[in-house]
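Here the protein sequences come in this chain order: A and B. Mapping of the first sequence onto the working numbering: residues 1 to 249, in sequence order. Mapping of the second sequence onto the working numbering: residues 1 to 326, in sequence order. Each residue gets a CB set at the ideal place from its N, CA and C atoms; glycine is no exception. The structure displayed is predicted, hence computed values, not measured ones. Just below is one structure, and these are the notes that go with it.
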Amino acid sequence: MFMSFWQLFLTNFRMLYRNWRGLFFNIFLPVFLYLAISKISGNAPGSNTITYSEYLLPGIIAMTIMQTGIFSLAYWLVDLKARGVIKRLLVTPLSNFEMLGSLIASRLVLMAIQIGLIVSIGIWYFKTSIPGSGLAILLLMIMGGAVFLGIGFAVSSFAKTYEEAAPITTILNLLFTFLGNIFFPTNNLPVVLKTIASKLPVTYLAEGMRNNFVQEWTLKQTLPDLLGLGVWLVIVMIILRYTTKLKQD
Amino acid sequence: MIQNARRTSLIHMGYNIRMQKNEKVIIVKDLKKEYKDVQALKGVSFEVHRNEIFGILGPNGAGKTTTLEIIEGLKQQSSGTCNVLGLDNLTQSALIKKRIGVQLQSSEYLNYLNLEELLILFASLYKEKIDPIELLKHVGLEDRGKSVVKSLSGGQKQRFTIATALVHKPEILFLDEPTTGLDPQARREMWDFIKELNKQNITIVMTTHYMEEAEYLCNRVAIMDSGKILKMDSPEGLIASSNRLYKLSFFVEAPMPKDFFNQFKSVENLKEEYPKVTLDLGDIEELPAIVQKLKSSNIEYKFLNLKTAKLEDVYLHLTGHAYSEE
Chain A
1 MFMSFWQLFL
11 TNFRMLYRNW
21 RGLFFNIFLP
31 VFLYLAISKI
41 SGNAPGSNTI
51 TYSEYLLPGI
61 IAMTIMQTGI
71 FSLAYWLVDL
81 KARGVIKRLL
91 VTPLSNFEML
101 GSLIASRLVL
111 MAIQIGLIVS
121 IGIWYFKTSI
131 PGSGLAILLL
141 MIMGGAVFLG
151 IGFAVSSFAK
161 TYEEAAPITT
171 ILNLLFTFLG
181 NIFFPTNNLP
191 VVLKTIASKL
201 PVTYLAEGMR
211 NNFVQEWTLK
221 QTLPDLLGLG
231 VWLVIVMIIL
241 RYTTKLKQD
Chain B
1 MIQNARRTSL
11 IHMGYNIRMQ
21 KNEKVIIVKD
31 LKKEYKDVQA
41 LKGVSFEVHR
51 NEIFGILGPN
61 GAGKTTTLEI
71 IEGLKQQSSG
81 TCNVLGLDNL
91 TQSALIKKRI
101 GVQLQSSEYL
111 NYLNLEELLI
121 LFASLYKEKI
131 DPIELLKHVG
141 LEDRGKSVVK
151 SLSGGQKQRF
161 TIATALVHKP
171 EILFLDEPTT
181 GLDPQARREM
191 WDFIKELNKQ
201 NITIVMTTHY
211 MEEAEYLCNR
221 VAIMDSGKIL
231 KMDSPEGLIA
241 SSNRLYKLSF
251 FVEAPMPKDF
261 FNQFKSVENL
271 KEEYPKVTLD
281 LGDIEELPAI
291 VQKLKSSNIE
301 YKFLNLKTAK
311 LEDVYLHLTG
321 HAYSEE
């Protein structure tokens, strides 16, 4: 089992790093955004003690996890399904576990590389410190990765073609980016939007990480955010249970 | 030369004699497949013997691909049974997949991988380690190992697709319309390649809608239409069983009398499109009498042409009837 899992993992990874456009959007764009916005900004909104680069760092990480989870997986799977590649794999003895497991593992490694790069720039270039719980941050990232990869799978189950997947992912991206506490706080939004924003998975991820990145926050204090992501994970799993279908009728 | 090299490489790859005469490697009984509002298969039954090339022939929508996909484990039947190499397709699908090779109609692959990497990947899915160059040599693509699939010609792409289906030395190879979209030369090369594979004791089950292909390659052919098998036999047997063994045509100077052919019992499918007359002739013994009558009736004729019927004629006859039954 390990042989095919490893080869598929390698394959997925080769496809990621040989795709220069994908690499630009997955790796360079988040880094460039982080560098550019941090350089031209001063303090974080409503704070005299935290710089905007410190405020932005967890937000950019959350955005990267979200986009890698949803975009790269959804488009990838939709493309493979539409071109008949999944069907070709299904006539081999490959198990669903190996196929999906290798896809998830390669995305998690990609996320780790993206996050590692952004955090390194934050620490070495912007002199950001991380006073909170490292374990809490790690758990948030893993949970967030699982939730957004799950959403990516769900999108690929609903959409049969790229044209069908594009509007779904665009709406999700818009919703999560603007209401997810990524670039700015959502405190001043109208009550309804503020309530919606507070329940989004990306908000739990960004806020949970921000608390640990800028304050001496503990794992215990991060539990509500982890719980929020946990609830989302259950919801996504239930959706996947009824929508994911690799085999045909 | 190339064929000899291919044969040698196949033997090196471990294809050995596994053949048992008349052993049934696929037994399909009363296979039915229903979708919400369509009955794709209406009780399909056939058997495939080891080391034969079995063809499923039919127009688009006849149920050929659905039948193959059920055998290959991609779909499940609504009713009926399907046994492959002694294994049940519903309960032992994973074991079947290890022993069969499949070439699907679509020959798309994962992007950004070269041919060698793709072959290594496909071999790993069967827990096999292979020398990709050896396999590429076998399909005549040894110099394209570092190329991507996109850069291959249609014929090369199809040969590579078959190579991916051979990574684990399957006993049965399923080919779904293997020459669709190929130019005549590439199609001929593919036919030789398929024959060569079969010589190495690989049972081949293929679908096609090219009559010439089925006639050239297949030991037995099942003609399918509207989810049913209309007839099944060797191409020669199918032609012989038809009462339209010969096709006669000639040109006339003036329209012929309407009842001219009435006395000839084996004449069918008469078409008088002045100045051309065509007809199917079941009994060759009637030909001299027809010629004699043309002469005695003072009917000027020229370009008299007699052809042996082909599988295509049988196919058109059978599927034509099927369409009119709908």
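Counterpart residues of F174 (chain B) in DSSP-defined beta bridges: B:V102, B:V205
Thinking K231 (chain B) and L238 (chain B) are a contact (beta carbons under 8 angstroms), I'd like their distance in whole angstroms, please. 6 angstroms
Is there a C-beta anywhere in chain B that falls below 9 angstroms from the one on G251 (chain A)? Any property of residue 251 (chain A) remains undetermined from this structure, which presents chain A solely from 1 to 249.
What separation, rounded to the nearest whole angstrom, lies between the Cα atoms of I61 (chain A) and A214 (chain B)? 59 angstroms
Shorter than 8 angstroms, the distance from the beta carbon of W6 (chain A) to the closest heavy atom of the ligand MN, or not? You won't find the ligand MN in this model; it holds no ligand whatsoever.
Would N211 (chain A) pass as a contact of G132 (chain A) if the rule is Cβ separation under 9 angstroms? yes
Collapsed DSSP secondary structure at N96 (chain A) in the structure displayed: helix
Could you say which of B:G155, B:G320, B:E196 lies nearest to T180 (chain B) if we only look at CA atoms? B:G155
Rounding to the nearest angstrom, what Cα-Cα distance links L294 (chain B) and T207 (chain B) in this structure? 44 angstroms
Kindly indicate which residue of B:I53, B:L141, B:Y35, B:P59 has the alpha-carbon position closest to the one of E312 (chain B). B:P59
Restricting to Cα atoms, I'd like to know which of A:I70, A:R107, A:P167, A:L89 is closest to L10 (chain A). A:R107
So the candidates are A:W217, A:Q215, A:W232; which of them puts its Cα closest to the Cα of S198 (chain A)? A:W232
Where do the N-terminal and C-terminal ends of the alpha helix (DSSP H) with Q77 (chain B) fall, by residue? Per DSSP, Q77 (chain B) belongs to no alpha helix (DSSP H) and is neither H nor E.
Below-9 angstroms beta-carbon distance, L166 (chain B) vs any chain A residue: no
Identity of the residue in A:T169, A:L8, A:M209 nearest L135 (chain A) by Cα: A:M209
For the stretch 131-150 of chain B, list every residue whose C-beta sits within 9 angstroms of some C-beta in chain A, in sequence order. none
What is the residue span of the beta strand (DSSP E) that I26 (chain B) lies within? 24-34
Under the three-state DSSP convention, the category K42 (chain B) falls into: strand
Taking the C-alpha atoms as reference points, what is the distance between F183 (chain A) and I239 (chain A)? 29 angstroms
Cβ-based neighbour list, T161 (chain A), same chain, cut-off 6 angstroms, excluding 5 preceding and 5 following: A82
Establish whether the CB of T11 (chain A) and some CB of chain B are separated by less than 9 angstroms. yes
How many Å lie between I137 (chain A) and L118 (chain B) at the Cα? 38 angstroms
Y246 (chain B): contacting residues in chain E (beta-carbon distance under 9 angstroms): Within the model displayed, chain E is absent; protein chains A and B are what it includes.
Among the residues of its own chain, which have a CB less than 8 angstroms from the CB of Q158 (chain B), if the five just before and after it don't count? Q103, S107, P178, T179, L182, A186, M190
Along the beta strand (DSSP E) that carries D233 (chain B), what are the first and last residues, could you check? 228-233
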